[in-house]
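A quick write-up on the structure given underneath.
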Amino acid sequence: MEAPRFELTASPHIKGPDSTPRIMWTVVATLVPVVGAAVWYFGPSALLVISASTAGCLLTERVFGPGGAVRDGSAAITGLLLGLTLPPGLPMWMAGLGGVFAIGFGKLVFGGLGQNIFNPALLGRAFLQAAFPEDLTTWPDMSGPWSALRGDNLALPLMSADPVATVTGATPLGLMKFEGTDTELVRLVLGSTGGSLGETAAVVILLGGAYLALKKYLDWRIPVAIFATVALLSALIHLLDPSKPGALFMLFSGGLMLGAVYMATDMVTSPTTPRGAWIFGFGIGALVVLIRLWGGLPEGVMYSILLMNALVPFIDRATKPRLFGTGKEAMA
Amino acid sequence: MAELLWILVSAMLVNNFTLVLFLGLCPFMGVSGRVATALRMGLANIFVLTITSMAASFLNAFVLPYAPYLRLISFIVVIASLVQIVEMAIKKLSPTLFRELGIFLPLITTNCAILGLAIFQTNRGYDFVQGLFFALGGGLGLTLALVLMASIRETTELADVPAMARGMGLVLILAGSLSLAFMGFAGLFSS
Amino acid sequence: MLSFFGMTFSHGVHPPDSKSLTEHVAIRRMPFPKRLALPLRQHAGKPARLLVRKGDRVQRGDMIAEADGYVSVPIHASAAGTVAAIDWWPHPDGTMAETVILDVEPWSPQIPRPRLVPDWNGLTPAQVRKAVQGGGVVGLGGAAFPTHVKLSPPADLELEWLLVNGAECEPYLTTDHRTMVEFPERVHFGIRIMMQCLGVQRAVVGVEMNKPDAIAALERTKPADLDVTIQPLVVKYPQGAEKMLIKVVTGREVPSGKLPMHVGAVVQNVGSIATIAEIFETGLPLIERVVTVTGSGVRRPSNLIVPVGAMLGDVLDYCGGLTDDAAEIVFGGPMMGSSQPDMRTPLVKGTTGVVVLTDREVKPKTTYPCIKCGHCLDACPVFLNPSRLGLLAQAGRYEEMRDAYHLMDCMLCGSCSYVCPSNIPLSQMFSLSKNMLRKQQDLVAASAPKKDVA
Amino acid sequence: MRATTPREDLLRGIWRENPVLVQLLGLCPALAVTNTVANSLAMGIATFFVLLGSSVLVSSLKRWIPKEVRISAYILIIATFVTIADLVLNAVVPDIHKALGAFIALIVVNCMILGRQEAFASRRPVGRAILDAVGTGFGFLIALTLMGSFREVLGNGTFLGVRVLGEAFEPWIIMILPPGGFFTLGVILLAFGWWKERKVEQVRPRRWPHGVTTGVGGA
Chain A
30 MEAPRFELTA SPHIKGPDST PRIMWTVVAT LVPVVGAAVW YFGPSALLVI
80 SASTAGCLLT ERVFGPGGAV RDGSAAITGL LLGLTLPPGL PMWMAGLGGV
130 FAIGFGKLVF GGLGQNIFNP ALLGRAFLQA AFPEDLTTWP DMSGPWSALR
180 GDNLALPLMS ADPVATVTGA TPLGLMKFEG TDTELVRLVL GSTGGSLGET
230 AAVVILLGGA YLALKKYLDW RIPVAIFATV ALLSALIHLL DPSKPGALFM
280 LFSGGLMLGA VYMATDMVTS PTTPRGAWIF GFGIGALVVL IRLWGGLPEG
330 VMYSILLMNA LVPFIDRATK PRLFGTGKEA MA
Chain B
134 MAELLWILVS AMLVNNFTLV LFLGLCPFMG VSGRVATALR MGLANIFVLT
184 ITSMAASFLN AFVLPYAPYL RLISFIVVIA SLVQIVEMAI KKLSPTLFRE
234 LGIFLPLITT NCAILGLAIF QTNRGYDFVQ GLFFALGGGL GLTLALVLMA
284 SIRETTELAD VPAMARGMGL VLILAGSLSL AFMGFAGLFS S
Chain C
21 MLSFFGMTFS HGVHPPDSKS LTEHVAIRRM PFPKRLALPL RQHAGKPARL
71 LVRKGDRVQR GDMIAEADGY VSVPIHASAA GTVAAIDWWP HPDGTMAETV
121 ILDVEPWSPQ IPRPRLVPDW NGLTPAQVRK AVQGGGVVGL GGAAFPTHVK
171 LSPPADLELE WLLVNGAECE PYLTTDHRTM VEFPERVHFG IRIMMQCLGV
221 QRAVVGVEMN KPDAIAALER TKPADLDVTI QPLVVKYPQG AEKMLIKVVT
271 GREVPSGKLP MHVGAVVQNV GSIATIAEIF ETGLPLIERV VTVTGSGVRR
321 PSNLIVPVGA MLGDVLDYCG GLTDDAAEIV FGGPMMGSSQ PDMRTPLVKG
371 TTGVVVLTDR EVKPKTTYPC IKCGHCLDAC PVFLNPSRLG LLAQAGRYEE
421 MRDAYHLMDC MLCGSCSYVC PSNIPLSQMF SLSKNMLRKQ QDLVAASAPK
471 KDVA
Chain D
81 MRATTPREDL LRGIWRENPV LVQLLGLCPA LAVTNTVANS LAMGIATFFV
131 LLGSSVLVSS LKRWIPKEVR ISAYILIIAT FVTIADLVLN AVVPDIHKAL
181 GAFIALIVVN CMILGRQEAF ASRRPVGRAI LDAVGTGFGF LIALTLMGSF
231 REVLGNGTFL GVRVLGEAFE PWIIMILPPG GFFTLGVILL AFGWWKERKV
281 EQVRPRRWPH GVTTGVGGA
């Protein structure tokens, strides 16, 4: 019988439209406007820093990762997100080093895509924060021409940044923490404040997140749980002690938006179960409030997410979904 | 009260015994493969730490003012014998508990967290109650680190870890990352 | 779970239904091919015991193999002819199986031997069951479980519902759809017999809402004296899985490890019901069935009445043959069906359809590591954690899969594999893991000293 | 116990069975005090001294130590030497003594020292015990110095307090913080792992169970 040779595959023989690279590149696409906003506010410095961190990530993935891993888009996400958490005046070599660390020690050492415990971008950022605390907390003043560099972006590799190059300002959270002054809400929402590159574009981030949630590329429960927890806790605390900031300030200042929408929802490092997602978000929200209000640092989103990342294996284990035909819904 | 709470939180999170002070690393590396075992090890540690703290307070108050050079020797002797006695008592009173914790107790005697607690407590001049809170915080911190590490390690068991990182290399990187995350607690409640 | 638009269960997936190829194509009878291949194993349970020898002449409808035990049914000759051989032959499950090869008599009118048609109304339930078993009836939805076993609930269970499964949630297939549209009276007649046999007062026919003409036909012919409801269902896979259908209609979940009977329901496929009706109308056993031959790889997609045992090549030839880009032939639906490499493979009692997929649809997918997106958890109709199960399967930790993650509750519906963005062959790994565990269990059972286990 | 040559006894602990880098013993001091080279050296020398002294004493007293209480006896002997080291360090280099803090006292519970007493000194003649203690102690010292060098050079731009990477070098503060300790040892172990695995061909076994295909030709 001269039949053509037929394929022999296991069922199911049809496949849904989603693919891992498609998810990853969609996230990258929604990050482009956020990067755009950063450039709009901070000028060419933003582009330099983000390119450096992204290049660091892509290069590490390309050199040490499995073949073709760059094409799945996950390293690009890490690079962009890392860049968005950095201050605009950071020397490019530091941003690149952060990218190398993020992919190398945050991802590849675990076996690459999907196997890491901590969010690589945040791990890279935490590494930079611990390694170069001063540079990572130098916030440039927003005045000056758009095209001017916001700091010594071009410092030679491994060399200190020139402190004269930066006209320092302060972030709303820093002002609140160390000087007790509030910042206008309008400026917070629109993003015309000092801070990290991605801290300032709340609206753009929310829009991107909403799109991803609609496509089911992120679990809406996590940001909702974080926002709700932060809002409720800080409103309550503000009520008891009016010297502490209110809910809206807490929501729109610092890296909460970027962290809650893009970092906490990283599929790999967040719980897979719906109940787990609620617990995870609640934990992050509570830790953010704790660290911001009573910790030694003005911002706590990064550490909160990293700490909850460490708890994810535990949460996943504790929140197994109810098996069909068990529990009170089953007829005994 | 606020100070006691601070001692507790500090020993547990800010200056976590394992991740920041490097105390009790042997169990942290050795007994963190399974969550159930790690939890038992942690509980046994809390237990021994509390006893040690009480013993150290007693020694500091009544014995050591007269012979400070005997400090180290008397600490280690008292801790070792106390653990021995407790072990025997548990064996007698609650065989179940002994089965759960028993094998870990002798291991703990030569665990630096225990002696470290006694020494830190002495150096910082904690009184009896402060010492107890310090011991409890330290024990909880140790248990937290152990259980976190164990649950992570159980997960990475299913990961495609490259050959060069299998074993302790990965565990140390994980410990470093955890330690990095715990830096977020720096300065908590200090102001 | 009642919703405004219809009823459904939680989770599940929405593959494109691709039914437009054949949903309005009337059922035609395929002419008898020259040869038929009748495997002795066409049902779940013990294979039938052979009754004929090489060279024997049989009439259409004659029994050629008898039921071997309780969970077994006889096999009948689907055409008059001569036994050419009894040989190992390709079986749809991918193995070789003992098969009766029948040379069909070219000039025979293929009129069945005259037989007595029992008057269903005068029969006791036990006699009805016997007639059903004698007719070789099995579930025609794919699993091919002997129907009479399902009609025999233990005395201590009280049954409330007869659920008729007309969901046909597998994409492409229109077998049940056309049966309901063209033979609604026969369906209702089957329901009547079954209700009496089971002693239940209520029957519900569940039909997905993408078959409005089927719903209309069944409503039009509904008998006035019976409590039969035609229930439109939301279009979602696997709506037609027994447990899902029961949950939707009765609101009850079949307890893990239990049977539908334990919640007072018996589920029967529409095709099986129609076949039972046929037994009591004509006396003919199950020797032919409706099969959808479809897919973009077939030149003339059709709904056919095919004699059981017709070979794949003959059926495809009758449908105009394959297109040039045909790449994969699947028996059953694309979600749970199995690929067939051999044109000699016969269509058996449980074959619901032949779907021919083209190059474009089966092009190989790159596999990525699991990114823990959780889409499989949202898809799994029995609320498992396929992501975790998949990782455990890769590590070969089968016991943990069974004991901590309920592998045995997986019904291999394929929803997790369908949604997995990393193209991880989840359901295939689960099926393998289940087999490994079963083998292990057999080994343990074989080596352990015999104990009295109920 | 397999008979060993004196040469083996001496060299074993330095590299092939290095207490820190291979056996992962005595990690507390190895991570806690290696933030500068000076601290590492002081800790390494103190430990070396305690190990050597205890090994000599245990080995010469082994006939008179009852089996039942031998562990306690070892600990007492070790604690005595640690007390001596503690007092000497305080007198000679008070700054470093202060920096090392409680970790001098914690040499007592360094499982490496106790392990050598139990596994070697208590069963061998004094000469061999000295060789073993020197080898192991030196291995420990090397490991600590290695870590200390990494951490001080990167974390402070200096080696033993002398600037080595130029004035403009931006120090990586993390290296002298606790996470830096974990990462440094982790990286060293990764390098060892790479060294060991480099000859093994990097064929990643397909991780699907046997028989699973994922498309044409099992792509």
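Residue numbers (this note's numbering), protein chains in the order written: chain A, 30 to 361; chain B, 134 to 324; chain C, 21 to 474; chain D, 81 to 299.
Here a beta-carbon is modelled for each residue, glycine too, at the ideal position from N, C-alpha and C.
Open item on the list: So, at 7 Å on beta carbons, what are the nonlocal neighbours of B:Ile247 in its own chain, with the 5 sequence-adjacent residues on each side left out?
Closed with: Residue numbering aside, residue 247 of chain B sits at position 114 when the second sequence is read from its first letter. Contacts found: Val181, Leu182, Thr185, Ile212, Ile241.
- [ ] Flag this pair as yes or no: are the beta carbons of B:Ile285 and A:Pro169 separated by less than 7 Å?
- [x] Residue numbering aside, residue 285 of chain B sits at position 152 when the second sequence is read from its first letter. Residue numbering aside, residue 169 of chain A sits at position 140 when the first sequence is read from its first letter. Contact annotation: B:Ile285 and A:Pro169 have beta-carbon atoms that are not nearer than 7 Å.
TODO: Give the DSSP-derived three-state secondary structure of C:Gln251 in the structure shown.
DONE: Stepping through the third sequence from its first residue, residue 251 of chain C is reached at position 231. Residue state, collapsed to three classes: strand.
Open item on the list: Rounded to the nearest angstrom, what separates A:Arg346 and C:Pro401 at their Cα positions?
Closed with: Within the first sequence, residue 346 of chain A is the residue found at index 317, counting from 1. Within the third sequence, residue 401 of chain C is the residue found at index 381, counting from 1. C-alpha separation (whole angstroms): 20 Å.
- [ ] Work out the CA separation of D:Phe272 and D:Leu226 for me, nearest whole Å.
- [x] On the fourth sequence, position 146 is the one that residue 226 of chain D refers to. On the fourth sequence, position 192 is the one that residue 272 of chain D refers to. D:Leu226 and D:Phe272: Cα-Cα distance of roughly 14 Å.
TODO: Identify, in the order they occur along the chain, each residue of the same chain with its Cβ nearer than 6 Å to the Cβ of A:Trp54, setting aside the five sequence neighbours on each side.
DONE: The residue you call residue 54 of chain A lines up with position 25 of the first sequence. Excluding residues up to 5 positions away in sequence, Gly102 lie with their Cβ nearer than 6 Å to the Cβ of A:Trp54 in the same chain.
- [ ] Under 8 Å between beta-carbons, which chain D residues line up against A:Leu187? List them in chain order, please.
- [x] As a working mapping, residue 187 of chain A is identified with position 158 in the first sequence. Within chain D, the residues near A:Leu187 are Leu245, Phe249, Glu250.
Task: Among C:Ala104, C:Ala57, C:Ala68, the one whose alpha carbon lies nearest that of C:Pro110 - done: On the third sequence, residue 110 of chain C is found 90 positions in, with the first residue counted as 1. That would be C:Ala57, whose Cα lies nearest to the Cα of C:Pro110.
- [ ] Would you verify that the beta carbon of B:Met282 is, or is not, closer than 7 Å to some beta carbon of chain D?
- [x] Walking along the second sequence from the start, residue 282 of chain B turns up at place 149. Residue-level contact by beta carbon fails for B:Met282 and chain D, as no gap is shorter than 7 Å.
Task: When B:Ser190, B:Gly166, B:Leu156, B:Ala283 are compared against B:Arg257, the one with the closest alpha-carbon - done: What you label residue 257 of chain B is simply residue 124 of the second sequence in a count that begins at 1. Of the candidates B:Ser190, B:Gly166, B:Leu156, B:Ala283, the residue whose Cα lies closest to the Cα of B:Arg257 is B:Ser190.
- [ ] Kindly indicate which three-state DSSP category D:Leu40 falls into: helix, strand or coil?
- [x] With chain D covering only 81 through 299, there is no way to say anything about residue 40 of chain D.
Task: Any chain B beta carbon closer than 7 Å to D:Val296 - done: Reading the fourth sequence from its first residue, position 216 is the one you call residue 296 of chain D. A caution first: D:Val296 carries a pLDDT of 35, below 50, which makes its placement in the model unreliable, though a value can still be read off. Not an interface residue.
Open item on the list: Can you find the residues in the same chain that come closer than 7 Å, C-beta to C-beta, to C:Leu304, ignoring five residues on each side of it along the sequence?
Closed with: For the purposes of this step, residue 304 of chain C is taken as the residue at position 284 of the third sequence. Sequence-distant partners of C:Leu304 (beyond 5 residues in either direction) whose C-beta falls short of 7 Å from its own C-beta, in its chain, are Gly81, Pro132, Glu298.
Open item on the list: Tell me which residue opens and which closes the alpha helix (DSSP H) that D:Val130 is part of.
Closed with: Locating residue 130 of chain D in the fourth sequence gives position 50, where the first residue counts as 1. Note, D:Val130: alpha helix (DSSP H), 117-141.
- [ ] Find the nearest neighbour of C:Pro191 within the set C:Cys430, C:Ser38, C:Ser437, judged by alpha-carbon distance.
- [x] On the third sequence, position 171 is the one that residue 191 of chain C refers to. Taking only the C-alpha atoms, the option nearest C:Pro191 is C:Ser38.
TODO: Tell whether a beta-carbon distance below 7 Å holds between A:Gly118 and A:Gly180.
DONE: Numbered from its first residue, the first sequence carries residue 118 of chain A at position 89. Numbered from its first residue, the first sequence carries residue 180 of chain A at position 151. Using a Cβ distance threshold of 7 Å, A:Gly118 and A:Gly180 count as a contacting pair.
Task: Endpoints, alpha helix (DSSP H) assigned at C:Met215 - done: Counted from its first residue, the third sequence places residue 215 of chain C at position 195. Boundaries of the alpha helix (DSSP H) harbouring C:Met215: 204-218, taken from the DSSP string.
- [ ] Can you check DSSP and say which residues form a bridge with D:Thr238?
- [x] The residue labelled residue 238 of chain D in the question sits at position 158 within the fourth sequence. DSSP, once it has assigned bridges, lists D:Arg243 as partnering D:Thr238.
Open item on the list: Short of 6 Å in beta carbon distance, which residues of its chain neighbour C:Ala146, apart from the five on each side in sequence? Order them along the chain.
Closed with: Working through the third sequence from its first residue, we reach residue 146 of chain C at position 126. Apart from the 5 residues on each side of it in sequence, C:Ala146 has no Cβ closer than 6 Å to any other Cβ in its chain.
Open item on the list: If I measure Cβ to Cβ from A:Ser272 and keep anything under 8 Å in the same chain, skipping five residues before and after, which residues do I get?
Closed with: On the first sequence, position 243 is the one that residue 272 of chain A refers to. Exclusion of the five residues before and after A:Ser272 leaves Gly209 as the residues of its chain whose Cβ lies within less than 8 Å of its Cβ.
Task: At least 3 beta-carbon pairs within less than 8 Å: the region 168-182 of chain C vs the region 380-397 of chain C - done: Short answer: they don't touch.
Task: Contacting residues, own chain, Cβ-Cβ under 6 Å from C:Met281 (five flanking each side not counted) - done: One-based indexing of the third sequence puts residue 281 of chain C at position 261. Around C:Met281, the same chain offers Pro173, Leu177 as residues with beta carbons nearer than 6 Å, after the five sequence neighbours per side are excluded.
Open item on the list: Can you list, in chain order, the residues of its chain with a C-beta nearer than 8 Å to that of A:Ala361? Leave out the 5 residues immediately preceding and following it.
Closed with: Position 332 of the first sequence, counting from 1, holds the residue named residue 361 of chain A. Reliability of the predicted coordinates at A:Ala361 is poor, the pLDDT of 44 falling under 50, and no value is obtained from them.
Open item on the list: To the nearest angstrom, how far is the alpha carbon of A:Leu151 from that of A:Met171?
Closed with: In the first sequence, the residue the question calls residue 151 of chain A occupies position 122. In the first sequence, the residue the question calls residue 171 of chain A occupies position 142. If you take the alpha carbons of A:Leu151 and A:Met171, they lie about 25 Å apart.
Open item on the list: Nearest by alpha-carbon distance to A:Val78: which of A:Ala293, A:Lys44, A:Ile52, A:Leu126 is it?
Closed with: Translated into the one-based positions of the first sequence, residue 78 of chain A becomes position 49. Minimum Cα distance to A:Val78 is reached at A:Leu126.
Open item on the list: Looking at chain A, is there any beta carbon in it that lies within less than 7 Å of the beta carbon of B:Leu192?
Closed with: By one-based count along the second sequence, residue 192 of chain B stands at place 59. B:Leu192 does not count as touching chain A.
Open item on the list: Cutting at 8 Å between CB atoms, please list the residues of its own chain near A:Ala32, excluding the five before and the five after it.
Closed with: Counting from 1 along the first sequence, the entry for residue 32 of chain A is found at position 3. With a pLDDT of only 49 at A:Ala32, under the threshold of 50, the placement of this residue in the model should not be trusted; the figure read from the coordinates follows. If we look at A:Ala32 and ignore the five residues flanking it on each side, it has no Cβ neighbours.
- [ ] Kindly list the residues whose CB is nearer than 8 Å to the CB of B:Leu137, restricted to its own chain and excluding five residues on each side of it in sequence; keep chain order.
- [x] Counted from its first residue, the second sequence places residue 137 of chain B at position 4. So the list reads Val262, Gln263, Phe266, once near-sequence residues are dropped.
Open item on the list: With three or more beta-carbon pairs closer than 8 Å as the criterion, would you say the region 171-178 of chain B touches the region 293-303 of chain B?
Closed with: No: the two stretches stay apart, fewer than three of their Cβ pairs being nearer than 8 Å.
Open item on the list: Can you find the residues in the same chain that come closer than 7 Å, C-beta to C-beta, to D:Asn190, ignoring five residues on each side of it along the sequence?
Closed with: Taking the first residue of the fourth sequence as 1, we reach residue 190 of chain D at position 110. Same-chain partners within the cutoff: Gly106, Pro109, Thr127.
Open item on the list: Taking contact to mean 3 or more Cβ pairs, one atom from each stretch, closer than 8 Å, check whether the region 65-85 of chain C and the region 264-276 of chain C are in contact.
Closed with: Under the Cβ criterion (8 Å, minimum of three pairs), the region 65-85 of chain C does not count as touching the region 264-276 of chain C.
- [ ] Could you check which residue in D:Val113, D:Trp144, D:Val138 has the C-alpha nearest to that of D:Gly124?
- [x] As a working note, residue 124 of chain D is residue 44 in the fourth sequence. Here the closest residue by C-alpha is D:Val113.
- [ ] Decide if the region 275-289 of chain B is in contact with the region 209-218 of chain D; the criterion is three or more beta carbon pairs, one per stretch, under 8 Å apart.
- [x] Taking 8 Å as the limit for Cβ pairs, the verdict is that the region 209-218 of chain D does not touch the region 275-289 of chain B.
Task: Simplified DSSP assignment, three categories, for B:Asn149 - done: For the purposes of this step, residue 149 of chain B is identified with residue 16 of the second sequence, where counting begins at 1. Shown here, B:Asn149 sits in coil according to DSSP, grouped into three states, outside any helix or strand.
- [ ] Can you give me the start and stop residues for the alpha helix (DSSP H) that C:Val290 sits inside?
- [x] For the purposes of this step, residue 290 of chain C is taken as residue 270 along the third sequence, with counting starting at 1. C:Val290 -> alpha helix (DSSP H) spans 290-302.
Open item on the list: Can you confirm whether C:Ala163, when its beta carbon is compared against all beta carbons of chain B, has any partner nearer than 7 Å?
Closed with: Numbered from 1 along the third sequence, position 143 holds the residue referred to as residue 163 of chain C. C:Ala163 does not count as touching chain B.
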